[in-house]
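Chains as they are written, first to last, in UniProt numbering: chain Z, 1 to 301; chain H, 1 to 163.
Structure record follows, encoded as structure tokens.
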């Protein structure tokens with residue numbers, strides 16, 4: 001009960017933060033004389049990935065979210081929906097990018113088990129909620145300007161996750177209802193080829209990114225997992241790409257698959273972007289072949 | 001298989017770190033690299049891109065629109081309002097022409113010297129890039145050709161961004 005209330009407060013906080021960002025973004029859009037925001041180049045800040053950090057859809061990139069440059073602050077809010085054959089996910093979140101150096105993000109995922117919940121005796125529409133607080137720090141490199149060297153932009157980050165269904169998670173064999181992922185990533189824009197490439201190495205114990213808790217009966221140690229993205233820029237406003245995310249396999253009760261997606265991102269202005277993806281999330285608990293549409297809207301400055 | 005991939009990735013990332021350190025060392029010897037950036041390098045591979053820009057007449061038309069955008073943009077106007085804009089346009093035509101392997105020579109001043117006292121920050125620099133992109137769009141330069149030119153201009157940023 002207590003936990004539920006805390007989650008609701010977190011959800012509300014996310015929504016309020018989101019609305020604030022939308023309105024301030026709208027203000028920033030009107031005020032052309034304010035040079036303090038929005039001076040990064042279009043789409044070079046990425047979009048909001050599934051855990052709320054700036055990146056592609058599945059993986060964080062080394063970019064700092066928002067359109068702020070070295071003397072500026074940027075911010076984004078997003079709403080994401082993933083529609084799978086047997087489940088759906090609703091998500092909201094927000095991030096602030098400080099001086100193109102530090103990114104702080106918050107996201108809440110609601111994973112709805114639909115009929116699977118009933119089949120497992122949890123009740124139809126049983127929902128896991130997970131709150132994620134993320135921090136990312138850019139170490140060196142400039143994703144756009146370093147065009148005469150191989151040096152990518154490199155960042156390190158952490159995502160602390162807390163799931164609200166401790167009892168169910170313990171029942172399926174997870175060792176904890178909270179955990180922290182640590183990652184290092186390198187992102188390089190090959191401007192002459194209009195190609196962006198990202199590689200992320202993540203240390204994690206999360207089962208299904210934390211929706212099924214952390215650690216398990218098969219393994220309870222941190223494991224390094226590789227994540228990669230490739231994006232091709234079609235124009236200043238359009239990008240298409242594909243992603244891969246390797247995942248651990250800690251739980252004896254259910255196999256966990258690596259994730260893939262193919263996406264198209266559209267940013268008509270710096271204040272809004274829309275990402276559509278076809279995602280293959282493989283097996284999730286008793287249901288195989290969870291493939292479906294991933295849609296995300298981001299607003300910010 | 002499952003553990004093999006991360007190890008490769010780890011190696012790759014370790015490699016990137018060392019490269020980063022080397023590149024930063026190189027950056028600390030910056031007067032030389034800035035001087036090199038001053039003389040825009042000719043790239044024969046970009047000759048087809050020169051044609052996509054419409055040759056020298058295309059560059060002249062582009063620079064007219066570019067300068068108009070810079071003067072209409074509150075973020076960039078202060079840097080050009082008091083300058084000899086016709087001269088800057090002519091120098092930019094020559095510079096872009098040389099980079100794209102056109103039949104021109106750049107006789108303009110050293111980029112680092114020209115920008116030293118202007119106090120240009122990253123925000124103003126990015127604003128200029130946006131104004132150039134808008135001008136290239138208006139002149140129907142294909143997006144990939146635009147990026148090929150921008151990729152050659154980007155390394156000059158240490159000479160231009162001084163704060």
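Every residue gets a Cβ at the ideal spot worked out from N, C-alpha and C, and that includes glycine.
Residue i at chain H interface by Cβ criterion, 8 Å
i: residue 304 of chain Z; result: A question about residue 304 of chain Z goes unanswered here, because the residues of chain Z that appear run from 1 up to 301.
i: residue 70 of chain Z; result: yes
i: residue 272 of chain Z; result: no
i: residue 261 of chain Z; result: no
i: residue 41 of chain Z; result: yes
i: residue 29 of chain Z; result: Caution applies to residue 29 of chain Z, whose pLDDT of 43 falls short of 50 and renders its modelled position unreliable; the model cannot decide the point.
i: residue 32 of chain Z; result: Note that residue 32 of chain Z has pLDDT 41, beneath the 50 cutoff, so the model's placement of it is unreliable and no number is given.
i: residue 266 of chain Z; result: no
8 Å Cβ cutoff, residue i in contact with chain Z
i: residue 115 of chain H; result: no
i: residue 35 of chain H; result: Low per-residue confidence applies at residue 35 of chain H: pLDDT is 39, beneath 50, and the placement is therefore not dependable enough to give any value.
i: residue 23 of chain H; result: Note that residue 23 of chain H scores 42 on pLDDT, short of 50, meaning its location in the model is unreliable; the coordinates nonetheless yield the value given after this. True, the Cβ-Cβ gap to chain Z drops below 8 Å.
Beta bridge counterpart(s) of residue i as assigned by DSSP
i: residue 131 of chain Z; result: Z/108 and Z/162
i: residue 279 of chain Z; result: Z/261 and Z/292
i: residue 227 of chain Z; result: Z/200 and Z/245
i: residue 239 of chain Z; result: Z/233 and Z/265
i: residue 186 of chain Z; result: Z/154 and Z/199
i: residue 209 of chain Z; result: Partner(s): none; residue 209 of chain Z has no beta bridge.
i: residue 93 of chain Z; result: Z/78 and Z/107
i: residue 350 of chain Z; result: Missing from the structure shown is residue 350 of chain Z; chain Z here goes from 1 to 301 and no further.
i: residue 144 of chain Z; result: Per DSSP, none; premise fails for residue 144 of chain Z.
i: residue 83 of chain Z; result: Z/88 and Z/293
i: residue 73 of chain Z; result: Z/98
i: residue 55 of chain Z; result: Z/47 and Z/60
i: residue 193 of chain Z; result: Its beta-bridge partners do not exist; DSSP assigns none.
Residue i burial status per 10 Å Cβ neighbour count (16 or more: buried)
i: residue 287 of chain Z; result: buried
i: residue 113 of chain Z; result: buried
i: residue 115 of chain H; result: buried
i: residue 205 of chain Z; result: buried
i: residue 140 of chain H; result: exposed
i: residue 41 of chain Z; result: buried
i: residue 232 of chain Z; result: exposed
i: residue 189 of chain Z; result: buried
i: residue 239 of chain Z; result: buried
i: residue 150 of chain Z; result: exposed
i: residue 131 of chain Z; result: buried
i: residue 268 of chain Z; result: exposed
i: residue 152 of chain Z; result: buried
i: residue 171 of chain Z; result: exposed
Residue-chain proximity (residue i, chain B), Cβ-Cβ < 8 Å
i: residue 231 of chain Z; result: The question asks about chain B, but that chain is absent: this structure's protein chains are Z and H.
Chain Z contacts from the region 143 to 160 of chain H (Cβ-Cβ distance under 8 Å): 143, 144, 147, 148, 150, 151, 152, 154, 155 and 157
Near-chain Z residues of the region 102 to 133 of chain H - C-beta to any C-beta below 9 Å: 121, 122, 123, 124, 125, 126, 127, 129, 130 and 133
According to a CB-to-CB cut-off of less than 7 Å, which residues of the region 184 to 197 of chain Z neighbour chain H? 184, 186, 191, 192 and 194
Under 8 Å, CB to CB, which of the residues in the region 143 to 161 of chain Z have a partner in chain H? 144, 145, 146, 147, 148, 149, 150, 151, 152 and 154
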